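Undergrad: Residue numbers (the numbering used here), protein chains in the order written: chain A, 4 to 554; chain B, 4 to 554.
Protein chains: 2
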Amino acid sequence: MALSAANKEIVEKAIKAIHERVFYAQYPEHPKAYGEDAPGIGLAAFNNQLGKPFKGLLQQNPVAWEGEEVSPYTMKPLGITYPVFEVDTLVVRAGRAFDAWRKVSVDDRAEILVEALEKVKYRFFEIAHATQHSTGQSFIMSFQASGPHASDRALESLAAGYEELNRFPSKVEWEKPMGKTSVKLSKEFKAIPKGVGLVIGCSTFPIWNSVPGIFASLITGNSVIVKPHPKSVYPIAIVVEEIQKVLQAKGLDINICQLASDSSNNLITKKLAENPVVKIIDYTGGSAFGDYVEHIPGKTTFTEKAGVNSVILDSVADLKAVVQNLSFAASLYSGQMCTAPQNFFIPAGGVKQGDTVIPYEEVKKAFVDAVAGIANHPQMGPGTLGAIQSELTLKRVASVKDLDANVLLAPGKVANAEFPDARTSSPVILEVDAKDTGVFENELFGPIILLIKTKDTNQSVSLAKEMVAKHGAITCAAYTTNEETADYIVHEMESVFAPVSLNLTGNIWVNQHAGFSDFHVTGGNPAGNASFTNPEYVSKRFVWVGHRRSN
Amino acid sequence: MALSAANKEIVEKAIKAIHERVFYAQYPEHPKAYGEDAPGIGLAAFNNQLGKPFKGLLQQNPVAWEGEEVSPYTMKPLGITYPVFEVDTLVVRAGRAFDAWRKVSVDDRAEILVEALEKVKYRFFEIAHATQHSTGQSFIMSFQASGPHASDRALESLAAGYEELNRFPSKVEWEKPMGKTSVKLSKEFKAIPKGVGLVIGCSTFPIWNSVPGIFASLITGNSVIVKPHPKSVYPIAIVVEEIQKVLQAKGLDINICQLASDSSNNLITKKLAENPVVKIIDYTGGSAFGDYVEHIPGKTTFTEKAGVNSVILDSVADLKAVVQNLSFAASLYSGQMCTAPQNFFIPAGGVKQGDTVIPYEEVKKAFVDAVAGIANHPQMGPGTLGAIQSELTLKRVASVKDLDANVLLAPGKVANAEFPDARTSSPVILEVDAKDTGVFENELFGPIILLIKTKDTNQSVSLAKEMVAKHGAITCAAYTTNEETADYIVHEMESVFAPVSLNLTGNIWVNQHAGFSDFHVTGGNPAGNASFTNPEYVSKRFVWVGHRRSN
Numbered sequence: 004m005a006l007s008a009a010n011k012e013i014v015e016k017a018i019k020a021i022h023e024r025v026f027y028a029q030y031p032e033h034p035k036a037y038g039e040d041a042p043g044i045g046l047a048a049f050n051n052q053l054g055k056p057f058k059g060l061l062q063q064n065p066v067a068w069e070g071e072e073v074s075p076y077t078m079k080p081l082g083i084t085y086p087v088f089e090v091d092t093l094v095v096r097a098g099r100a101f102d103a104w105r106k107v108s109v110d111d112r113a114e115i116l117v118e119a120l121e122k123v124k125y126r127f128f129e130i131a132h133a134t135q136h137s138t139g140q141s142f143i144m145s146f147q148a149s150g151p152h153a154s155d156r157a158l159e160s161l162a163a164g165y166e167e168l169n170r171f172p173s174k175v176e177w178e179k180p181m182g183k184t185s186v187k188l189s190k191e192f193k194a195i196p197k198g199v200g201l202v203i204g205c206s207t208f209p210i211w212n213s214v215p216g217i218f219a220s221l222i223t224g225n226s227v228i229v230k231p232h233p234k235s236v237y238p239i240a241i242v243v244e245e246i247q248k249v250l251q252a253k254g255l256d257i258n259i260c261q262l263a264s265d266s267s268n269n270l271i272t273k274k275l276a277e278n279p280v281v282k283i284i285d286y287t288g289g290s291a292f293g294d295y296v297e298h299i300p301g302k303t304t305f306t307e308k309a310g311v312n313s314v315i316l317d318s319v320a321d322l323k324a325v326v327q328n329l330s331f332a333a334s335l336y337s338g339q340m341c342t343a344p345q346n347f348f349i350p351a352g353g354v355k356q357g358d359t360v361i362p363y364e365e366v367k368k369a370f371v372d373a374v375a376g377i378a379n380h381p382q383m384g385p386g387t388l389g390a391i392q393s394e395l396t397l398k399r400v401a402s403v404k405d406l407d408a409n410v411l412l413a414p415g416k417v418a419n420a421e422f423p424d425a426r427t428s429s430p431v432i433l434e435v436d437a438k439d440t441g442v443f444e445n446e447l448f449g450p451i452i453l454l455i456k457t458k459d460t461n462q463s464v465s466l467a468k469e470m471v472a473k474h475g476a477i478t479c480a481a482y483t484t485n486e487e488t489a490d491y492i493v494h495e496m497e498s499v500f501a502p503v504s505l506n507l508t509g510n511i512w513v514n515q516h517a518g519f520s521d522f523h524v525t526g527g528n529p530a531g532n533a534s535f536t537n538p539e540y541v542s543k544r545f546v547w548v549g550h551r552r553s554n
Numbered sequence: 004m005a006l007s008a009a010n011k012e013i014v015e016k017a018i019k020a021i022h023e024r025v026f027y028a029q030y031p032e033h034p035k036a037y038g039e040d041a042p043g044i045g046l047a048a049f050n051n052q053l054g055k056p057f058k059g060l061l062q063q064n065p066v067a068w069e070g071e072e073v074s075p076y077t078m079k080p081l082g083i084t085y086p087v088f089e090v091d092t093l094v095v096r097a098g099r100a101f102d103a104w105r106k107v108s109v110d111d112r113a114e115i116l117v118e119a120l121e122k123v124k125y126r127f128f129e130i131a132h133a134t135q136h137s138t139g140q141s142f143i144m145s146f147q148a149s150g151p152h153a154s155d156r157a158l159e160s161l162a163a164g165y166e167e168l169n170r171f172p173s174k175v176e177w178e179k180p181m182g183k184t185s186v187k188l189s190k191e192f193k194a195i196p197k198g199v200g201l202v203i204g205c206s207t208f209p210i211w212n213s214v215p216g217i218f219a220s221l222i223t224g225n226s227v228i229v230k231p232h233p234k235s236v237y238p239i240a241i242v243v244e245e246i247q248k249v250l251q252a253k254g255l256d257i258n259i260c261q262l263a264s265d266s267s268n269n270l271i272t273k274k275l276a277e278n279p280v281v282k283i284i285d286y287t288g289g290s291a292f293g294d295y296v297e298h299i300p301g302k303t304t305f306t307e308k309a310g311v312n313s314v315i316l317d318s319v320a321d322l323k324a325v326v327q328n329l330s331f332a333a334s335l336y337s338g339q340m341c342t343a344p345q346n347f348f349i350p351a352g353g354v355k356q357g358d359t360v361i362p363y364e365e366v367k368k369a370f371v372d373a374v375a376g377i378a379n380h381p382q383m384g385p386g387t388l389g390a391i392q393s394e395l396t397l398k399r400v401a402s403v404k405d406l407d408a409n410v411l412l413a414p415g416k417v418a419n420a421e422f423p424d425a426r427t428s429s430p431v432i433l434e435v436d437a438k439d440t441g442v443f444e445n446e447l448f449g450p451i452i453l454l455i456k457t458k459d460t461n462q463s464v465s466l467a468k469e470m471v472a473k474h475g476a477i478t479c480a481a482y483t484t485n486e487e488t489a490d491y492i493v494h495e496m497e498s499v500f501a502p503v504s505l506n507l508t509g510n511i512w513v514n515q516h517a518g519f520s521d522f523h524v525t526g527g528n529p530a531g532n533a534s535f536t537n538p539e540y541v542s543k544r545f546v547w548v549g550h551r552r553s554n
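1. Please tell me whether T223 of chain A and G139 of chain A are closer than 9 Å, where the distance is taken between their beta carbons.
2. Give the list of continuous alpha helix (DSSP H) stretches no shorter than 4 residues that lie fully inside the region 154–223 of chain A.
3. Tell me the rounded alpha-carbon separation between S428 of chain B and P381 of chain B.
4. Quick one: list the residues of chain A neighbouring I511 of chain B, beta-carbon separation under 9 Å, in chain order.
5. Please name the residue in B:V442, B:M470, B:R544 and B:A332 whose C-alpha comes closest to that of N506 of chain B.
6. Out of curiosity, what's the CA-to-CA distance linking F127 of chain A and S149 of chain A?
7. Which ranges does the beta strand (DSSP E) cover as unbroken runs of at least 3 residues, wholly within the region 444–510 of chain B, from first to last along the chain?
8. Pull up the distance between the alpha-carbon of G254 of chain B and that of I246 of chain B, whole angstroms please.
9. Can you find a C-beta in chain A that's less than 9 Å from the C-beta of W547 of chain B?
10. Which residues bound the beta strand (DSSP E) around I349 of chain B?
11. Classify S141 of chain A as buried or exposed, calling it buried when 16 or more other Cβ atoms lie within 10 Å of its own Cβ.
12. Can you pull the chain A residues whose beta carbon is under 8 Å from the beta carbon of D521 of chain B, in chain order?
13. Rounded to whole angstroms, how far is the Cβ of T478 of chain A from the Cβ of N532 of chain A, which I believe are closer than 8 Å?
14. Using the beta-carbon of each residue, which ones in chain B are nearer than 7 Å to L507 of chain A?
15. In this structure, what does DSSP give as the bridge partners for H550 of chain A?
16. Which of the residues in the region 290–308 of chain A, read from start to end, lie with their CB under 8 Å from any CB of chain B?
17. Mapping DSSP to helix, strand and coil, what is G531 of chain B?
18. Within 9 Å of any Cβ in chain A, is that where the Cβ of K543 of chain B sits?
19. Report the neighbours of K193 of chain B on chain A: residues whose CB is nearer than 7 Å to its CB, in chain order.
20. Quick test of the definition: if touching needs 3 or more C-beta pairs under 8 Å, does the region 257–267 of chain B touch the region 83–98 of chain B?
21. In the DSSP output, which residue or residues are listed as bridge partners for V403 of chain B?
22. With distance defined between alpha-carbon atoms, name the residue in B:A418, B:H33 and B:V296 nearest to K179 of chain A.
23. Closer than 8 Å is the cut-off here; do at least three beta carbon pairs connect the region 416–435 of chain B with the region 395–405 of chain B?
24. By a C-beta neighbour count over all protein chains shown, 10 Å radius and 16 as the cutoff for buried, is T272 of chain A buried or exposed?
25. Take the Cβ of P80 of chain B as the centre, count every other Cβ of all protein chains shown within 10 Å, and call the residue buried at 16 or more, exposed below.
26. Below 6 Å CB to CB, which residues in the same chain sit around A257 of chain B once its five sequence neighbours on both sides are set aside?
27. Could you spell out where the alpha helix (DSSP H) holding F88 of chain A opens and where it closes?
28. What alpha helix (DSSP H) runs, 4 residues minimum, are completely inside the region 218–263 of chain A?
29. For S453 of chain B, does the count of other Cβ atoms within 10 angstroms reach 16, so buried, or fall short, so exposed?
30. In the DSSP output, what is V3 of chain A paired with across the bridge?
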């Protein structure tokens, strides 16, 4: 084995992109880039898989076959079952596989992982259908988020790992002058992997949020157990299958990357996470479980938990463009993105536009109308909002009427001509006062938007900052035409380690973090302790050990 | 201000050295390199300081002046007092200083810190006397460890920080092609410092173990509170003084780096460590307190705790050379180094030398004789063993007779013609069996050496590995002429993240870790969670935050 010239070029271009942080994509986001036949082949594969056991994985001797995915679009079970294994089996296999994988050279690991990504590419359309019918994302979002965007993020962490592993020379002749003589030592520097990694997936982004951890742990020599959310297994099962197939083709233990499917009535996550063989845990999901993961003794953890993302409205060049941008950002996938804006801080005195001031009530109305406009639009509605992944989210939407808040827009069904039975909810918009922190200090996951009337922008910034410090945030959108105010917002938000997106309008939204350029989550506030992909994201998965030898 | 060409060159050469890991020293270790006058000036400064308040620090309005250092050589108090401050004062000043320091550019921070190191250089001889008469190290060891070696380590972490902070561009124009149009964003990437750093020093290496954390926190924009051990304040006070003087000369708040001297009857370490303003803690010292530090919620910690370092004797080219090397390594500074070998694993069947086998009893005798030879030598004895820093260490030595072990060499006074009253102890050597883990599984800090009779080398390796996994280790020395055995030892020890020094003889000892080349502590086992200086050592002190702006 060796790292082929073509694959080495892919890795090197990715490393360059990470350093430059200009636009870069190894996998184009447009479906047309993948050929005329690809959509049909992907759809056929998806249809053929429905109602059957998922046979692609190479893991041997499951104790059962289980599956419980239900399409949020058809509300029918997908009927796919996955192999189930005892925790002990998974852990023993992972430990044995680790002993093999750690000895594989960094170049060979890179070869295998790039090859796997190149194979996954041919399954982007099947992945898109699988993602749509487990997460409720629209088809195009499913395609992009689980396909090219996820593979770019996987490549990003693979490349970051490759760079860090090659940061120091593997062998050095060290010679210390001592007057007329010298002391000579042969030194060897090794990046020793920590052990078995566990990647705990979420139901809404089963691939995008899992592959960075999978590829980061694998490139650094750790074996990986992938524990998907039992309601979103199919998409990531395809990725694990492709990794296993490349491992097999190279004569390696396929258990270097295992899928650990479980079921809602027999969840195995805690058993895996607490097992002493597991040294690294990647986690995406709610804060309570994330806090538990972070505090298991003896683990290196990478978490992305919940946050309360803010929008600060101070002044605008064109309110219409701003409202258009924000209403779309808040509606996209019905607010089921960790990056979705939730709390909109608007000064009671209104928002400046050029020399005039648009009154608070007018800003509010413009935003409510724009959100309602999207939800009620026959094509844009379902295309933007998608479907609701979980019953729990629907219940949360229903329960907001019990909150002490003024309902500006009540939730309702989103008409979907293609999938009339889809589980949907148009966004609910609530209005509260700045003093009602009890209402807006929690992440209200799903299509729930809060307009918060503040005394002025200073109070908006102060509240937004407090939310980040206490509850975390992954994004902050701010609109101001005043340079000083912009600097102030940036300074305050970065002091709690939240990135600011200033004055976004047009075809770019605060929810989107681009691979190779935007850090996703900073790791510096309660929204999570890791970042896709800063150097620590890979370097914490191994330990530098230097040996010395007299000649 | 700006980073001068000369200082930039110092930083760039250091970064290059870190990457290449060949021999490099910015500060020569030979005292003669610092000029003919330097020794006299340093001694005069030291003598002039004795019995007086330490007035060099620029911190204002202390509530008291206190000091309790006693020379382990003369057994007389140094009589130096240091300014004492309320914890609240230290913390408020550090917080305010942080707000100023974080805004200073990375280049300007580097300029200030390199300049401070260049000033410290002129005080190496005073530092050497100060170190000798607080730690009990010999003069030459005091000079090297607290002078050039420490400054090289400080420069190493400064340079590593400088490199990481410049890893990504501060500004980027990002343009994403979207068919006929494109989306443009101006992006800004900032390394945001975490807050106030606390550096907790130890009594035996007051500068060497503290400056990496001080310089790493400062270069990354954090203000620092330096909390020395109350028995070893003088050496690090000089370093803090020089940093403060450069800060003042540049018009900056001198509280960016404060000394927080306390006294044994009113220790303030926990109050400082638990204060919410303190975000980063660097700690060197015992494991119990280190474990406490690591578990304070909400802190980023860098610890160097205790470990049980092993020597594995399998086979040798020349036993005499090996015994000479090991007896010196075990005697140096009376075993008061975190890197000192403690547990010597020797196979009951003896040690192979070429075609012959040297019986266990003979190996044992050779080693005991060599250690006794050093201790009893009128010059080499005091020059190698130095003095004992703490009464507690003497008590520990006295108490070993209660252990269930065979005393091969009893402790005694080390004659010191220059300092007849010095607190000394020649090494005690105990012999135990492989099954007596209760005796050898603890760090017995000080001049206590254990010979452990094992069944064979496999058992030696297995026990050494078990010690690292359970109790940590910073070094492991191994002697074998068999390549397979060498590979086996390296594999086993690196699996618990302990570095191996193979077959060291001559003028190089397992205790010595060279700046810019050897990682000191791996961070991967219970001996500590940090490493001088891997990339994480600096990157964990700040958070990458990326802002975006529509044009």
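Beta carbons are placed, not taken as given, at the ideal position from N, Cα and C, and that holds for glycine. Every value quoted in this text rests on a predicted model; they were computed, and no experiment measured them.
TA: Well, looking at it:
1. Cβ distance not < 9 Å, so T223 of chain A and G139 of chain A don't count as in contact.
2. Taking only runs of at least 4 residues, the alpha helix (DSSP H) segments lying wholly in the region 154–223 of chain A are 214–222.
3. So the two alpha carbons sit approximately 14 Å from each other.
4. K179, V186, K187, L188, R551 and S553, listed in chain order.
5. Distances from the CA of N506 of chain B to each of B:V442, B:M470, B:R544 and B:A332 were compared; the closest alpha carbon is that of B:A332.
6. Roughly 8 Å between the two C-alpha positions.
7. For the region 444–510 of chain B, the full-length beta strand (DSSP E) segments reaching 3 residues or more read 451–457, 479–482 and 503–505 along the chain.
8. Straight-line measurement puts the Cα of I246 of chain B at about 13 Å from the Cα of G254 of chain B.
9. At least one chain A Cβ lies under 9 Å of W547 of chain B.
10. For I349 of chain B, the enclosing beta strand (DSSP E) starts and ends at N346 to P350.
11. By the neighbour-count rule (16 or more Cβ atoms within 10 Å), S141 of chain A is buried.
12. Chain A residues near D521 of chain B: K190, G549 and R551.
13. Their Cβ separation, rounded to whole angstroms, is 17 Å, which puts T478 of chain A and N532 of chain A out of contact at 8 Å.
14. Near L507 of chain A (Cβ distances below 7 Å), the residues of chain B are S553.
15. Residue pairing of H550 of chain A in beta bridges, as defined by DSSP: A:E191.
16. The region 290–308 of chain A vs chain B, Cβ under 8 Å: nothing.
17. G531 of chain B falls in the strand class under three-state DSSP.
18. K543 of chain B has a beta carbon lying within less than 9 Å of a beta carbon in chain A.
19. What K193 of chain B touches in chain A: E497.
20. Remark: three or more beta-carbon pairs, one from each stretch, lie closer than 8 Å, so the region 257–267 of chain B and the region 83–98 of chain B are flagged as touching.
21. Secondary-structure assignment with DSSP links V403 of chain B through no beta bridge to anything.
22. Minimum Cα-Cα distance from K179 of chain A among the listed residues B:A418, B:H33 and B:V296 corresponds to B:H33.
23. At 8 Å Cβ cutoff, the stretches touch.
24. The residue is buried, with at least 16 neighbouring Cβ atoms inside 10 Å.
25. P80 of chain B comes out exposed.
26. Note that residue 257 of chain B corresponds to Ile in the displayed sequence, not to Ala. Beyond the five residues adjoining it in sequence on each side, I257 of chain B comes within less than 6 Å, by CB distance, of L61, Q247, L250 and Q251 in the same chain, given in chain order.
27. Counting along the chain, F88 of chain A falls outside any alpha helix (DSSP H), and DSSP gives it neither H nor E.
28. Counting whole runs of 4 or more residues, the region 218–263 of chain A contains the alpha helix (DSSP H) stretches 237–252.
29. Before going further, note that residue 453 of chain B is Leu rather than Ser in the sequence given. It counts as buried.
30. There is simply no residue 3 of chain A to check, as chain A begins at 4 and stops at 554 in what is shown.
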